[in-house]
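Residue numbers (my numbering), protein chains in the order written: chain A, 1 to 110; chain B, 1001 to 1114.
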């Protein structure tokens, strides 16, 4: 069964304290892995798509990496405005539906 | 350029009542989706429309119907609401259903069924 697990469920950091969020996946053939950001009361906002193991993408303080079993979202020197829930989703090669993780709630304290 | 819009933003229903959630996109996208989001769970796909004139069931279609009215609009109907349908509903669109095309989400509809 295709599955996505995100950890931790919640993460509290001080401003400037770097860390990583994890997305573990089990899928029969990966078509793509997606990272989204969701602010309270709003819809998810697209961040990155990764397609193959070893691929990396960066945007400001965020860097996403991919292996054959998991993806990491690294946050370097975070600011309070980085506080949000970060969602991971995978698309299997067998169909077009995205399978979503439950998300990691990130809180950055000033 | 509004992106994806949804109406209403909030709704309270009594068990057995019906309602339609509206969604429209102005990005000329071919594919549209309806998801529900519940606490502690990932987004779950209810129905999707890969292109105008087609609709397909997702992971949790029971109790829902959809209509792809035209290329811009995709509505979700609850014929007889149940408390288990209390959730936040998101509409999304993408240029196509492939992995190269990110999904753009609307602001959501928060539905409570009493």
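The beta carbon of each residue, even a glycine, is placed where N, CA and C say it ideally should be.
Since this is a predicted model, take the numbers as computed values, not measurements.
My output table needs one value for residue i: the three-state DSSP class, helix, strand or coil.
{"i": "residue 91 of chain A", "result": "strand"}
{"i": "residue 1017 of chain B", "result": "coil"}
{"i": "residue 1080 of chain B", "result": "coil"}
{"i": "residue 1085 of chain B", "result": "helix"}
{"i": "residue 1009 of chain B", "result": "coil"}
{"i": "residue 11 of chain A", "result": "strand"}
{"i": "residue 1103 of chain B", "result": "coil"}
{"i": "residue 3 of chain A", "result": "strand"}
{"i": "residue 1114 of chain B", "result": "coil"}
{"i": "residue 1069 of chain B", "result": "coil"}
Assuming residue i contacts residue j (C-beta within less than 8 Å), just tell me the rounded distance between them.
{"i": "residue 1100 of chain B", "j": "residue 1023 of chain B", "result": "About 23 Å separates the two Cβ atoms, so there is no contact after all."}
{"i": "residue 1088 of chain B", "j": "residue 1058 of chain B", "result": "Not a contact, Cβ separation roughly 16 Å."}
Out of the options, which one is the CA nearest neighbour of residue i?
{"i": "residue 34 of chain A", "options": "A/80, A/71, A/84, A/110", "result": "A/71"}
{"i": "residue 1039 of chain B", "options": "A/89, A/57, A/105", "result": "A/105"}
{"i": "residue 66 of chain A", "options": "A/79, A/77, A/51", "result": "A/51"}
{"i": "residue 4 of chain A", "options": "A/98, A/109, A/107", "result": "A/98"}
{"i": "residue 69 of chain A", "options": "A/25, A/32, A/38", "result": "A/25"}
{"i": "residue 1042 of chain B", "options": "A/108, A/107, A/102, A/31", "result": "A/102"}
{"i": "residue 96 of chain A", "options": "B/1051, B/1084, B/1020, B/1067", "result": "B/1051"}
{"i": "residue 94 of chain A", "options": "B/1097, B/1092, B/1079", "result": "B/1097"}
Can you find at least 3 beta carbon pairs, one from the region 1012 to 1027 of chain B and one from the region 42 to 50 of chain A, that sit closer than 8 Å? no
Which residue spans inside the region 25 to 87 of chain A form an unbroken beta strand (DSSP E) run of at least 3? Given a length threshold of 3 residues, each whole run of the beta strand (DSSP E) inside the region 25 to 87 of chain A is given here in chain order: 30 to 38, 45 to 50, 56 to 59, 62 to 66, 70 to 75.
Where in the region 1017 to 1064 of chain B do unbroken runs of the beta strand (DSSP E), each at least 3 residues long, occur, reported from the N-terminal end onward? 1019 to 1025, 1031 to 1037, 1044 to 1049
Cβ pair count under 8 Å reaching 3, the region 12 to 19 of chain A against the region 74 to 81 of chain A: Result yes; three or more Cβ-Cβ pairs closer than 8 Å.
Taking 8 Å as the threshold, find out whether the region 1068 to 1084 of chain B comes into contact with the region 1025 to 1032 of chain B through three or more Cβ pairs. Yes, since at least three Cβ pairs between the region 1068 to 1084 of chain B and the region 1025 to 1032 of chain B fall closer than 8 Å, the two stretches touch.
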